[in-house]
Amino acid sequence: MRDDSGFYGPLLYQDVWLWLGVVLLVVVAAWYAWLFLPSRRRTATAAALPDVEGLRASCLAAIDAVAADVDAGTLGERDAHQRLSFLVRDFASAVTKQPATHMTLAELEGGGLAPFTRAVAGIYPAEFAPTTSASIRESADAARRAVLEWN
Numbered sequence: 174m175r176d177d178s179g180f181y182g183p184l185l186y187q188d189v190w191l192w193l194g195v196v197l198l199v200v201v202a203a204w205y206a207w208l209f210l211p212s213r214r215r216t217a218t219a220a221a222l223p224d225v226e227g228l229r230a231s232c233l234a235a236i237d238a239v240a241a242d243v244d245a246g247t248l249g250e251r252d253a254h255q256r257l258s259f260l261v262r263d264f265a266s267a268v269t270k271q272p273a274t275h276m277t278l279a280e281l282e283g284g285g286l287a288p289f290t291r292a293v294a295g296i297y298p299a300e301f302a303p304t305t306s307a308s309i310r311e312s313a314d315a316a317r318r319a320v321l322e323w324n
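Take 174 as the starting number for the sequence shown in the working numbering and just add one per residue.
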């Protein structure tokens, strides 16, 4: 409305713009919350735990298969020792969720994997030496002990 001096007062905004701004702020806040807040809580469940007995049985069967391949003459002793070392390390990786297949002997020892460290240390000389002094039976027995000792 015009006053006597010819001045028009400021126009008021419609209420719809206020509510539209509030809704927009709520939508943006909800989007940021959805992005940065975890969608679920992490809980330890029985399904997340490895089946140690199943893994143990599988590893023991693989160790027996390696020994049988050596006895049959289809696998060389060095290759057999390398496979035994890998089987022990693979079992350790599966049950402890540590990258044991890529760890050095010192890292295995420092990682609290004592049974596996002893087995791998016993297999090392036969695995890397030009001539092997340990029999495949001794190495297979050491690998079996390591797998069976893990609780």
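Think of the CB as a built atom: it goes at the ideal place given N, C-alpha and C, for glycine as much as any other residue.
Check: Residue-level contact to chain B via CB, alanine 313, 8 Å cutoff; Outcome: In the displayed structure, chain B is absent; only one protein chain is listed.
Check: Nonlocal neighbours in the same chain, by C-beta distance under 6 Å from leucine 150, ignoring five residues either side; Outcome: Look at the range of the chain in this structure, 174 to 324, and you will see that residue 150 is not part of it.
Check: Check whether valine 239 and arginine 256 have beta carbons under 8 Å apart; Outcome: yes
Check: Assigned secondary structure, tyrosine 297 (DSSP; H/G/I helix, E/B strand, else coil); Outcome: helix
Check: Residue burial classification, alanine 220 (beta-carbon count within 10 angstroms, cutoff 16); Outcome: Low per-residue confidence applies at alanine 220: pLDDT is 49, beneath 50, and the placement is therefore not dependable, though the value from the model is reported in the following sentence. Answer is exposed; the Cβ neighbour count stays below 16.
Check: Within 8 Å, strictly: CB atoms of valine 293 and leucine 281; Outcome: yes
Check: Beta-carbon proximity list for histidine 254, same chain, < 6 Å, skipping 5 on both sides; Outcome: Ile296, Ala299, Glu300, Ser312
Check: Residues near proline 288 by beta carbon distance below 7 Å, same chain, minus five either side; Outcome: Ala319, Glu322, Trp323
Check: Glycine 179: first and last residue of the uninterrupted alpha helix (DSSP H) it sits in; Outcome: From DSSP, glycine 179 is part of no alpha helix (DSSP H); its letter is neither H nor E.
Check: With 16 other Cβ atoms within 10 Å as the buried cut-off, status of serine 308; Outcome: exposed
Check: 8 Å contact criterion, which alanine 235 and leucine 208 should meet: CB distance rounded; Outcome: Not quite, the Cβ-Cβ distance comes to about 45 Å (not below 8 Å), so this is no contact.
Check: Segments assigned beta strand (DSSP E), at least 3 residues, entirely inside the stretch 184-269; Outcome: none
Check: Span of the alpha helix (DSSP H), counted from its first residue to its last, around serine 312; Outcome: 309-322
Check: Whole-angstrom distance between alanine 203 and aspartate 177, CA atom to CA atom; Outcome: 50 Å
Check: Serine 308 beta carbon near the ligand SAH (any heavy atom closer than 7 Å); Outcome: The ligand SAH is not part of this structure, which contains no ligands at all.
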